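S.K.: Mind looking over this structure? Questions follow.
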Ligand code: ATP
Ligand code: ZN
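Numbering (my numbering), first residue to last: 47 to 331.
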């Protein structure tokens with residue numbers, strides 16, 4: 047029987063969420079200590095723990111079938127792999143930053159400058175597209191200190207809140223690419239492995255879908271039911287149950303988290319009372 051091998055980051059920003067994705071799919075492992083490879087006890091997958099930078103190549107070579115990485119890593123490596131699913135976390139951007147005292151006039155400012163980065167390929171592409179001639183100084187870590195110690199005029203690096211830039215006296219001047227965590231896959235998975243992957247994705251999507259929604263129960267006067275049903279969007283038909291109290295009903299429905307408060311306000315205006323809101327663990331449409 048086939049086993050789907052999943053490469054995840056051994057230790058770093060992606061590790062915990064990657065393991066979380068597997069465990070919310072109801073998959074468990076015998077030993078929690080991270081050996082190089084661990085096999086699941088109740089699902090045909092095994093985990094391979096690697097440095098994130100190595101994951102695209104392992105997937106491209108077929109040593110791992112799928113992997114979880116930041117898009118930034120695949121943009122930089124240009125490996126022939128496919129993105130199977132965007133995951134919506136580990137969001138960041140790759141930006142150019144320069145000392146905050148400098149007057150930035152646009153990309154041409156960078157002509158003749160020296161930029162330190164761990165992402166030379168992505169930066170080079172941006173420079174080529176903008177016809178900028180500038181020297182790239184490749185370093186592997188602590189890029190943000192390069193201008194302060196005179197190693198470079200600017201940097202090209204990962205930014206999320208921007209606080210690291212500020213504490214190093216830098217200012218973000220160009221956002222070059224945006225990135226989030228993704229599942230990448232070998233483009234030539236066997237039918238059996240594809241089937242395991244589909245099952246895994248079905249489970250994780252159900253959990254994610256559940257997290258994006260709330261289950262809502264409310265009481266309302268019977269004559270307002272039509273108004274309330276109109277306010278609750280996208281539902282084929284909410285459940286309406288008669289209450290013991292004459293003239294009152296209970297309405298059960300599912301609301302999208304992102305529009306939740308707007309809709310609750312409208313429901314109150316329609317005379318809704320005793321509104322209960324509950325989390326949804328899994329949602330299968
Ligand atoms: P490794 O030892 O595995 O090579 P690393 O130091 O290269 O680890 P991490 O710092 O753990 O990598 O970051 C992993 C990924 O998380 C990055 O490639 C990027 O996609 C994302 N990431 C990095 N920094 C941030 C941040 N500040 N906010 C959000 N996401 C980030
Ligand atoms: Zn790395």
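Heads up, the beta-carbon is just placed ideally off N, CA and C, and yes, glycines get one too.
If you're wondering where the values come from, they're calculated on a predicted model, not measured in any experiment.
#1: Just how far apart, CA to CA, sit residue 251 and residue 178?
#2: May I ask whether a heavy atom of the ligand ZN can be found less than 7 Å away from the beta carbon of residue 203?
#3: Per DSSP, what are the beta-bridge partners of residue 208 in this structure?
#4: Just to confirm, are residue 116 and residue 104 a CB contact at a threshold of 8 Å?
#5: Given a cut-off of 8 Å on the beta-carbon distance, is the pair residue 262 and residue 289 in contact?
#6: Note the first and the last residue of the continuous beta strand (DSSP E) segment covering residue 181.
#7: Considering only heavy atoms of the ligand ATP, does any lie closer than 7 Å to the CB of residue 51?
#8: Name the DSSP beta bridge partners of residue 223, please?
#9: Would you report the Cα separation of residue 259 and residue 331, rounded to the nearest angstrom?
#10: Tell me where the beta strand (DSSP E) around residue 160 begins and ends.
#11: Measuring alpha carbon to alpha carbon, tell me which residue in 246, 299, 283 is nearest residue 67.
#12: Rounded to whole angstroms, what is the Cα-Cα separation between residue 91 and residue 119?
#13: Excluding the five sequence neighbours on either side, which residues of its own chain have a C-beta within less than 8 Å of the C-beta of residue 180, listed in chain order?
#14: Any heavy atom of the ligand ZN inside 7 Å of the beta-carbon of residue 97?
#15: Beta-carbon within less than 7 Å of residue 53's beta-carbon, same chain only, minus the 5 sequence neighbours each way: which residues are those?
#16: Classify residue 248 as buried or exposed, calling it buried when 16 or more other Cβ atoms lie within 10 Å of its own Cβ.
#17: Do you know how far the Cα of residue 210 is from the Cα of residue 217?
#18: Would you kindly report the start and end of the unbroken beta strand (DSSP E) that includes residue 320?
#19: Would you call the region 217-236 in contact with the region 140-147, where contact means no fewer than 3 C-beta pairs closer than 8 Å?
#20: Count the other C-beta atoms from every protein chain shown that fall within 10 angstroms of the C-beta of residue 57, then say buried if there are 16 or more, exposed otherwise.
#21: With distance defined between alpha-carbon atoms, name the residue in 324, 185, 253 nearest to residue 69.
#22: Just checking, does the region 292-312 make contact with the region 262-277 on the three C-beta pairs under 8 Å criterion?
#23: Applying the criterion that 16 or more other CB atoms from any shown protein chain within 10 Å of the CB defines a buried residue, is residue 51 buried or exposed?
#24: Quick check on the burial criterion: 16 or more other C-beta atoms within 10 angstroms. Buried or exposed for residue 205?
#25: Round the Cβ separation of residue 133 and residue 190 to the nearest angstrom and send it over; I've been treating them as touching at under 8 Å.
#26: Count the other CB atoms within 10 Å of the CB of residue 169; is the residue buried (16 or more) or exposed (fewer)?
#27: How long is the line joining the alpha carbons of residue 238 and residue 108, rounded to whole angstroms?
#28: Give the straight-line distance between the Cα atoms of residue 255 and residue 147, rounded to the nearest whole angstrom.
M.R.: Working from what's here:
#1: 43 Å
#2: no
#3: For residue 208, which the question treats as bridged, DSSP gives no partner whatsoever.
#4: no
#5: no
#6: 181-184
#7: Within 7 Å of the C-beta of residue 51 there is not a single heavy atom belonging to the ligand ATP.
#8: 140
#9: Looking at the two C-alpha atoms, the distance is approximately 12 Å.
#10: 160-163
#11: Nearest option by C-alpha distance: 246.
#12: Spanning the alpha carbons of residue 91 and residue 119 requires a straight line of approximately 24 Å.
#13: 156, 157, 158, 159, 160, 161, 173
#14: yes
#15: 94, 96, 101, 104, 105, 110, 113
#16: exposed
#17: 10 Å
#18: Unbroken beta strand (DSSP E) run through residue 320: 319-325.
#19: yes
#20: With fewer than 16 other beta carbons inside 10 angstroms of its own, residue 57 counts as exposed.
#21: 253
#22: yes
#23: buried
#24: buried
#25: At roughly 26 Å, the Cβ-Cβ gap does not stay under 8 Å, so residue 133 and residue 190 are not in contact.
#26: Note on residue 169: 16 or more other CB atoms within 10 angstroms of its CB, so buried under the neighbour-count rule.
#27: 15 Å
#28: 46 Å
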